[in-house]
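Residue numbers (our numbering), protein chains in the order written: chain A, 210 to 415; chain B, 54 to 309. Inspection log for the structure reproduced underneath, given as structure tokens.
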Amino acid sequence: MSGVDRYRPPMRKVTLPMNAGGTQTYEGHDAAAQFRALALPLLDDVYTLARYLLGSAADADDAVQECYLRAFRHFDTYHGPAIKPWLFTILRNVCNAEFARRSKARLRNREADAETLEDTTPLWQEIRDTPETALLRELDATTIRGLVAALPAQFREAIVLREINDLSYREIADVVGVPVGTVMSRLARARFMLRAAWKAEEGLPA
Amino acid sequence: MTCTETQILLHALLDGELDAGHARDVEAHIAACLGCASQLRQYRALHDVMSVVDLGFTAPLSLRRRVDAALPSGRPAPAPSRRLVLRGFAMGSMASAAAAATVMFAIVRSDQDQRMFSEVISAHLRSLQAEHLTDVETSDQHTVKPWFNGKIDVAPPVVDLTAQGFTLLGGRLDYIDGAGVAAIVYRRRRHVINLFVAPGAGAEDRGAKIEPVQGFNIRRWTEQGLNFWAVSDINAGELQEFGQKFEAALRPGSGS
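Set out below in structure tokens:
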């Protein structure tokens, strides 16, 4: 396959993981069409992440639009193969800028809270299981969304990227900009908090 | 391995992110530790519920239009150009001949399997586009299985994997390679899994093989004289999990 590439003029190109036989290559002048074909099908995924990161539907709309515009402007820096984490990284930057704009003080508090939690909350000691409490009843989607939304930012982000947006630990680490080990411990903490909230919702003892 | 380590690593285990060595260590600890075993059960239940329930949001149409209007319109993408290959020949060098030979070899090698893969992908895409995902729509395996009677010459096994995180949506009659096949439809989060079942004509049991094709994953295996293709856009790890759970449920004495 690379033998074919060798005869191409040195033009800006984007290599796409499109078909089983190998890769397809497109020149820069088709960048807009390519960007649309790759990025627009992910609109629901990007919107979902924006909703969880920002909380409000109107803010999510603005952030998603800004994300797509930025992504298109920087499309030449995209080198594949997975476009989803790349878009998410941009979206996350947009959302963080939005938070910074809204209130720097509030953002600092938010992070301070999260750090306290990370340092002091025990992961497992308080759990006393009986077979009855071991089973989680299936809550409806709206309730679960609410429980996820109530998690502190960095844990919410980890669990949404993993469970709802379907990213691997490596991809989450790249999007968030932390080591894989941190992703793992944040996920553990996120699930711990989520399970506690879940049981409280059902009136079960934690 | 200590409980503290296990409490973290069990998440990687249920996310399918542990290498074989660590997975064995964690499983060994869990087999011997009631507390950690109970933790894993609970977190697995949480993980499975979150996989089944659709927690995503759908972008409103107004946003879709806004984004569409804000982006420059592009010309439709060109088909992968045969001219590039021809240009390769025109250069006439040894290298291009070698490249062409490689291409030819790849094409010749794309045997029956590859052709079936693209047929399976086409059927999967058809099912998503035409809003004709299921002919019989029910999550009851005992309704889906008899529905196929007399429609095709296989009696496909239908198992409900809802408890394992894969919701049974129903069944459909489909055509692959000109022959009628059973399509059993599952959902995980917002991803559809089509499981195609066709008679294997005396085929021997064949171990599962997962391949990415056109951005989808296909898991193919042969069992009890039937050919199976599971196709979806979920990641390979989850499709593997689906296949394993399906196979496990078919085995006698599995209790489901």
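Backbone N, C-alpha and C define an ideal beta-carbon position, used for all residues, glycine too. Quantities reported herein were computed from a predicted structural model and do not represent experimental measurements.
Check: F281/A beta carbon less than 8 Å from that of L124/B; Outcome: yes
Check: Segment contact flag, the segment 207-220 of chain B with the segment 289-299 of chain B, C-beta cutoff 8 Å, min 3 pairs; Outcome: yes
Check: One or two residues paired with I229/B in a DSSP bridge; Outcome: A232/B
Check: Residue from S265/A, L376/A, D239/A with nearest C-alpha to R354/A; Outcome: S265/A
Check: Chain B residues whose Cβ lies nearer than 7 Å to that of F281/A; Outcome: L124
Check: Residue burial classification, A112/B (beta-carbon count within 10 angstroms, cutoff 16); Outcome: buried
Check: For K262/B, the three-state DSSP class (helix, strand or coil); Outcome: strand
Check: Residues from the segment 252-263 of chain A in contact with chain B, defined by Cβ distance under 7 Å; Outcome: L252, D253, Y256, T257, R260
Check: N-terminal and C-terminal residue of the beta strand (DSSP E) that P252/B is part of; Outcome: 244-252
Check: Rounded C-alpha distance that separates P252/B from N374/A; Outcome: 36 Å
Check: Euclidean distance between Cα positions of T286/A and I299/A; Outcome: 12 Å
Check: First and last residue of the uninterrupted beta strand (DSSP E) at E380/A; Outcome: No beta strand (DSSP E) contains E380/A, which is instead part of the alpha helix (DSSP H) from 378-385.
Check: Residue-chain proximity (E307/A, chain B), Cβ-Cβ < 8 Å; Outcome: no
Check: Closer than 8 Å to chain B by CB, D285/A; Outcome: no
Check: Neighbouring residues, chain A, relative to I61/B (Cβ below 8 Å); Outcome: L332, M393, S394, A397
Check: Burial state of D101/B (16 or more Cβ within 10 Å); Outcome: buried
Check: Cutoff 8 Å: I299/A Cβ touching any chain B Cβ; Outcome: no
Check: Within chain A, partners of N288/B - CB distance below 7 Å; Outcome: D375
Check: Nonlocal neighbours in the same chain, by C-beta distance under 6 Å from L303/B, ignoring five residues either side; Outcome: P210
Check: Contacting positions in the segment 85-112 of chain B - beta carbon closer than 8 Å to chain A; Outcome: G88, S91, Q92, R94, Q95, Y96, A98, L99, H100, V102, M103, S104, V105, V106, D107, L108, G109, F110, T111, A112
Check: Chain B residues whose Cβ lies nearer than 8 Å to that of V385/A; Outcome: Those do not exist, as V385/A stays about 15 Å from chain B at its closest Cβ, beyond 8 Å.
Check: For S192/B, the three-state DSSP class (helix, strand or coil); Outcome: coil
Check: Stretch-stretch touch, CB-based, cutoff 8 Å, three pairs: the segment 405-413 of chain A with the segment 377-384 of chain A; Outcome: no
Check: Contacts of R354/A in chain B (Cβ-Cβ under 8 Å); Outcome: L108
Check: Inter-residue Cα distance where the pair is A248/A and L87/B; Outcome: 46 Å
Check: 7 Å CB neighbourhood of S115/B in its chain, flanking five on each side removed; Outcome: none
Check: Element boundaries [alpha helix (DSSP H), containing I353/A]; Outcome: 350-358
Check: Cut-off 6 Å between Cβ atoms - residues of its own chain near W295/A, not counting five sequence neighbours on either side; Outcome: Y287
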